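Let me begin by presenting the structure, written as structure tokens, before commenting on it.
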Ligand SMILES: [Zn+2]
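Residue numbers (my numbering): 27 to 168.
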């Protein structure tokens, strides 16, 4: 599956929209060189994994209790082209926390058209590593 991964070059803009380069943002987290220090950093790395078809990181960053079936997730990655991420806010999720949430809006294009996902993601830290637990859909504010 890693053969279909499309990571940008280290000096390219990170897909998560942080404004940083891939090599100093999500890159080291995706390649396993560095653990995400915060829940938001893990969330951003997951978004980047979804945009770059990095199934391995999408699975590895998902809590085993709620992790989807590999084939289902692979299909979801292939069917959706993520265009933009906008992190709206966080609670907890810092270096001294074990739980955290990240609220975000992500824009995607699917075969059915434009899709806007507004979610509050829940994260927990297990053995020092942040993991995605679940997402609650949030009401979109304009
Ligand atoms: Zn990033």
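C-beta: ideal position from N, C-alpha, C; glycine also. Since the structure is predicted, the reported quantities are computational estimates derived from the model, not experimental observations.
Rounded distance between the beta-carbons of residue j and residue i, thought under 8 Å
| i | j | result |
| --- | --- | --- |
| residue 31 | residue 40 | That belief does not hold up - the Cβ atoms of residue 31 and residue 40 are roughly 15 Å apart, past 8 Å. |
| residue 111 | residue 130 | 6 Å |
| residue 135 | residue 109 | 6 Å |
| residue 83 | residue 56 | 5 Å |
Neighbourhood of residue i by C-beta, 6 Å cutoff - its chain only, sequence neighbours within 5 removed
| i | result |
| --- | --- |
| residue 52 | 40, 42, 70, 71, 74 |
| residue 27 | Note that residue 27 scores 44 on pLDDT, short of 50, meaning its location in the model is unreliable; the coordinates nonetheless yield the value given after this. Excluding residues within five positions, the ones whose Cβ falls inside 6 Å are 81. |
| residue 161 | 145, 147 |
| residue 151 | 124 |
Cβ-Cβ distance between residue i and residue j below 8 Å
| i | j | result |
| --- | --- | --- |
| residue 145 | residue 164 | yes |
| residue 49 | residue 36 | yes |
| residue 128 | residue 65 | yes |
| residue 121 | residue 63 | yes |
| residue 91 | residue 137 | no |
Near ligand 1: residue i beta-carbon under 7 Å from a heavy atom
| i | result |
| --- | --- |
| residue 70 | yes |
| residue 46 | yes |
| residue 74 | yes |
7 Å CB neighbourhood of residue i in its chain, flanking five on each side removed
| i | result |
| --- | --- |
| residue 96 | 85 |
Member of the options whose CA lies at the smallest distance from the CA of residue i
| i | options | result |
| --- | --- | --- |
| residue 88 | 68, 119, 33, 132 | 68 |
| residue 126 | 34, 133, 155, 106 | 155 |
| residue 101 | 76, 58, 118 | 76 |
| residue 158 | 139, 119, 132, 140 | 119 |
| residue 79 | 149, 139, 34, 153 | 34 |
| residue 116 | 133, 38, 149 | 149 |
Proximal residues to residue i (C-beta, below 8 Å), its chain only, five neighbours per side dropped
| i | result |
| --- | --- |
| residue 54 | 60 |
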